[in-house]
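Note sheet for the following structure.
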Amino acid sequence: MSAAIHIPPTEAILACQGLSKHFGGIRAFTDVDFQARRGEVTAVIGDNGAGKSTLIRCLVGVHQPDGGAIHFDGRPHPFANPDGARKAGIETVHQNLALIDELTVAQNLFLNREIVRRIGPFALLDRKAMKTQARAMLSKLSINVPSVGQRVRRLSGGQRQAISICRAAGSGAKLVVMDEPTAALGVQETANVEALIRRLREQGVSVILISHNFDQVRRLSDQIWVMRAGKMVATVRSAETTGNELVALVTGAA
Amino acid sequence: MEESRSSLAALLLDPSFWADWASVVGLVGLIILFGVTSPVFLSVANLQALLLAAAILVVLSIGQTFVVATSGIDLSLAASVMLGAVILGLIHAAGLGIFAACVAAVAATSAIGLLNGVLITTGRIPDFVVTLGTLSGITGLGLIISGGEPTMVGSTFLLKLASGKFGPFGYPVWVAIAAVIIAHIALYHTRFGVHLLATGGQAESAAALGIRTNRVKIAAYTISGFCAGIAAILLVARIGSAEPQINTSLLLNSVAAVVLGGVSLFGGRASILGPAIGALMLTALVNGLTLLSVSAFYQPLAVGVIVVLAALIMRYQK
Chain A
456 MSAAIHIPPT
466 EAILACQGLS
476 KHFGGIRAFT
486 DVDFQARRGE
496 VTAVIGDNGA
506 GKSTLIRCLV
516 GVHQPDGGAI
526 HFDGRPHPFA
536 NPDGARKAGI
546 ETVHQNLALI
556 DELTVAQNLF
566 LNREIVRRIG
576 PFALLDRKAM
586 KTQARAMLSK
596 LSINVPSVGQ
606 RVRRLSGGQR
616 QAISICRAAG
626 SGAKLVVMDE
636 PTAALGVQET
646 ANVEALIRRL
656 REQGVSVILI
666 SHNFDQVRRL
676 SDQIWVMRAG
686 KMVATVRSAE
696 TTGNELVALV
706 TGAA
Chain B
-6 MEESRSSLAA
4 LLLDPSFWAD
14 WASVVGLVGL
24 IILFGVTSPV
34 FLSVANLQAL
44 LLAAAILVVL
54 SIGQTFVVAT
64 SGIDLSLAAS
74 VMLGAVILGL
84 IHAAGLGIFA
94 ACVAAVAATS
104 AIGLLNGVLI
114 TTGRIPDFVV
124 TLGTLSGITG
134 LGLIISGGEP
144 TMVGSTFLLK
154 LASGKFGPFG
164 YPVWVAIAAV
174 IIAHIALYHT
184 RFGVHLLATG
194 GQAESAAALG
204 IRTNRVKIAA
214 YTISGFCAGI
224 AAILLVARIG
234 SAEPQINTSL
244 LLNSVAAVVL
254 GGVSLFGGRA
264 SILGPAIGAL
274 MLTALVNGLT
284 LLSVSAFYQP
294 LAVGVIVVLA
304 ALIMRYQK
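Protein sequence lines, in the order shown, are assigned to chains A and B.
Final position of the first sequence in my numbering is 709; the numbers increase by one with none missing.
Final position of the second sequence in my numbering is 311; the numbers increase by one with none missing.
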């Protein structure tokens, strides 16, 4: 159960070695090895302040690591910003979802990736094509919303989460990173989002999931990585672990 | 039949219907009110005069709409019109030709808008403070370069622009119509329009998706300045001279028209037709009150009451 397991490079969609990040004198994490297998759901768990969110932010280009290497899809990839990570194929579902309330579902799904028709020197939005494709994206993941022309403001928390995940997955992303996707949701809506994450995996999308919920992590993920006090302390196959073992790993009681 | 009647009733009972259509409802209400009380109001001549008088305000309201859609406000709008007019007058008086004068006026007001946008975004100063500052600054600049004196602008081009007609409408009305169409396409049918609304709605989320929100805001203020320049040309054409005097009611009415038009002052939600109709409504109000021989002193009061009422109704927007 050492942290230094080795996945052949061809199997890892994302891998990092010896990654460190500090803010001034405060160490967020040091010497972290981490890998996410292609086509799997990889969970990162840990107590508050263990360094999970900062690690993820380094992986998707929000922060720059101070040391270590990141490989994505077999190539070394230092992402200077989230846009670079997006272009390479890493999509993030932000904790605040990054939805625009006053825009419609379709407009949100295609925000900053709008489909346009060129008419002479002008580029006009192809709203029909975006609506049609939006419907296709939603139905591919069996997401129910009343209409793609609906303003996002009028959707429930679970629907909003689903739209945000759909946007991340719909752009042909190779890896979708989710930070606490069900933190603010009720029981039924949590179940819906979990089902959505399973469908993503069935379609071959790799997922990295940060969560506090050990039961959820065991239900959803294939591999679990445990952080404690800025270190990656353990990794286990989800099928081979128990809730008690995870608690022990997270708290350091093991 | 029965069903359509009940759905119509439901529509009329729904406050959000009135909120979305406040400017149209207001305009129709005023037309009925003044049509009944003043026989002249609905005459073709008066309606043409009304549209002509509304043209400048329509153009300015469009500029203000772009800024308000980003959850900002442009208080320097009317002052920009004045400076544009003064620059137009002085360049024309210097003998550089009317086209050069018009281009210079629009370039100057667009530059003011650009400056507003840069100060607000990269300078990180609140929009209110920046545009209040430029309002005062360009008021002074206009007085300095004009020496406080009006400049006569005797140009056949401007005379034709002001008094010429094509079809049923005068040229200024056509300029306003063109502005409405172009702005509507920009807002609803371009990426820029979506990014503008996204920036105004949730700037942080928009930025997280790679939208360059500062650029979008700067563009909005520059469009506002550009509209001020067009309005300056129409104004000089209308009165035949360039006066270093600010028409403050133009600024207030541009904001009023935007509110009446259902544009959210918190940003993210906008239309072009709404504010344009709002501008028509405010002009109709002044026109009708004048026809009824109501003292001009009551006009600002009436505008104020209507704007606050409109803002109240807007709370019911869905």
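Backbone N, C-alpha and C define an ideal beta-carbon position, used for all residues, glycine too.
Straight-line gap, residue i to residue j (C-alpha atoms, nearest Å)
| i | j | result |
| --- | --- | --- |
| residue 189 (chain B) | residue 66 (chain B) | 14 Å |
| residue 644 (chain A) | residue 489 (chain A) | 30 Å |
| residue 664 (chain A) | residue 125 (chain B) | 48 Å |
| residue 476 (chain A) | residue 100 (chain B) | 49 Å |
| residue 531 (chain A) | residue 632 (chain A) | 18 Å |
| residue 306 (chain B) | residue 12 (chain B) | 5 Å |
| residue 458 (chain A) | residue 637 (chain A) | Because residue 458 (chain A) carries a pLDDT of 46, less than 50, the predicted location of this residue cannot be relied on, and the following value inherits that uncertainty. In a straight line, the C-alpha of residue 458 (chain A) is about 27 Å away from that of residue 637 (chain A). |
| residue 88 (chain B) | residue 544 (chain A) | 60 Å |
| residue -5 (chain B) | residue 656 (chain A) | Low confidence applies to residue -5 (chain B): its pLDDT is 47, below 50, so where it sits in the model is not reliable enough to give any reading. |
| residue 524 (chain A) | residue 14 (chain B) | 58 Å |
| residue 538 (chain A) | residue 546 (chain A) | 9 Å |
| residue 123 (chain B) | residue 59 (chain B) | 17 Å |
Residue range of the beta strand (DSSP E) that includes residue i
| i | result |
| --- | --- |
| residue 14 (chain B) | Premise fails: residue 14 (chain B) is in no beta strand (DSSP E) and is neither H nor E. |
| residue 491 (chain A) | 481 to 492 |
| residue 577 (chain A) | 577 to 580 |
| residue 123 (chain B) | Where residue 123 (chain B) is concerned, there is no enclosing beta strand (DSSP E), although the alpha helix (DSSP H) it sits in stretches over 120 to 139. |
| residue 498 (chain A) | 496 to 501 |
| residue 545 (chain A) | 545 to 548 |
| residue 412 (chain A) | Lying outside 456 to 709, the shown extent of chain A, residue 412 (chain A) is not represented and no answer is given. |
| residue 527 (chain A) | 522 to 527 |
| residue 689 (chain A) | 686 to 692 |
| residue 472 (chain A) | 467 to 478 |
Sub-8 Å separation of residue i and residue j beta-carbons
| i | j | result |
| --- | --- | --- |
| residue 506 (chain A) | residue 484 (chain A) | yes |
| residue 71 (chain B) | residue 213 (chain B) | no |
| residue 138 (chain B) | residue 83 (chain B) | yes |
| residue 68 (chain B) | residue 128 (chain B) | yes |
| residue 495 (chain A) | residue 677 (chain A) | yes |
| residue 220 (chain B) | residue 55 (chain B) | yes |
| residue 248 (chain B) | residue 57 (chain B) | yes |
| residue 19 (chain B) | residue 299 (chain B) | yes |
| residue 666 (chain A) | residue 500 (chain A) | yes |
| residue 218 (chain B) | residue 103 (chain B) | yes |
| residue 474 (chain A) | residue 513 (chain A) | yes |
| residue 579 (chain A) | residue 182 (chain B) | yes |
| residue 154 (chain B) | residue 230 (chain B) | yes |
| residue 674 (chain A) | residue 698 (chain A) | no |
| residue 273 (chain B) | residue 74 (chain B) | no |
Sequence-distant residues of its chain with Cβ nearer than 6 Å to residue i (five each side left out)
| i | result |
| --- | --- |
| residue 271 (chain B) | 16, 250, 253 and 254 |
| residue 143 (chain B) | 234 and 236 |
| residue 482 (chain A) | 685 |
Opening and closing residue of the alpha helix (DSSP H) in which residue i lies
| i | result |
| --- | --- |
| residue 264 (chain B) | Counting along the chain, residue 264 (chain B) falls outside any alpha helix (DSSP H), and DSSP gives it neither H nor E. |
| residue 184 (chain B) | 184 to 194 |
| residue 77 (chain B) | 70 to 86 |
| residue 208 (chain B) | 206 to 232 |
| residue 156 (chain B) | 149 to 156 |
| residue 661 (chain A) | That residue, residue 661 (chain A), is in no alpha helix (DSSP H); its beta strand (DSSP E) goes 661 to 665. |
| residue 33 (chain B) | Neither: residue 33 (chain B) is in no alpha helix (DSSP H) and is coded neither H nor E. |
| residue 92 (chain B) | 91 to 114 |
| residue 669 (chain A) | 669 to 675 |
Own chain partners of residue i with C-beta closer than 7 Å, once the 5 adjacent residues on each side are dropped
| i | result |
| --- | --- |
| residue 555 (chain A) | 563, 566 and 607 |
| residue 276 (chain B) | 43, 46, 47 and 50 |
| residue 472 (chain A) | 488, 523 and 524 |
Other residues of its chain near residue i: CB distance less than 8 Å, five sequence neighbours each side excluded
| i | result |
| --- | --- |
| residue 589 (chain A) | 560, 561, 564, 565 and 603 |
| residue 456 (chain A) | Residue confidence is low: residue 456 (chain A) scores 43 on pLDDT, short of 50, so the model does not pin down where it sits. Its coordinate-derived value is still stated next. So the qualifying residues of the chain are 689, 690 and 691. |
| residue 550 (chain A) | 634, 635 and 638 |
| residue 696 (chain A) | 673 and 679 |
| residue 285 (chain B) | 27, 30 and 31 |
Contact set between residue i and chain D, taken where Cβ atoms lie within less than 8 Å
| i | result |
| --- | --- |
| residue 87 (chain B) | Note that chain D does not occur in the displayed structure, where the protein chains are A and B. |
- request: With 7 Å as the C-beta to C-beta threshold (strictly closer), list the residues of the segment 122 to 149 of chain B near chain A in chain order.
  value: none
- request: Pull out every residue of the segment 568 to 583 of chain A whose Cβ sits closer than 9 Å to any Cβ of chain B, in chain order.
  value: 568, 569, 571, 577, 578, 579, 580 and 582
query: Going along the segment 540 to 569 of chain A in order, which residues come within less than 9 Å of chain B, judged by CB to CB distance?
result: 541, 547, 549, 551, 552, 553, 554, 555, 556, 557, 558, 562, 563, 565, 566, 567, 568 and 569
query: Relative to chain A, which residues along the segment 255 to 278 of chain B have a C-beta separation below 8 Å, given in chain order?
result: 257, 261 and 262
- request: Report the residues of the segment 35 to 50 of chain B with a CB closer than 7 Å to any CB of chain A, ordered along the chain.
  value: none
field: Short-range partners of chain B found in the segment 515 to 543 of chain A, where Cβ spacing is below 8 Å
entry: 537, 538 and 541
message: At a CB distance below 9 Å, what residues from the segment 158 to 188 of chain B approach chain A? Give them in sequence order.
response: 178, 181, 182, 183, 184, 186, 187 and 188
- request: With 8 Å as the C-beta to C-beta threshold (strictly closer), list the residues of the segment 202 to 229 of chain B near chain A in chain order.
  value: 202, 203 and 204
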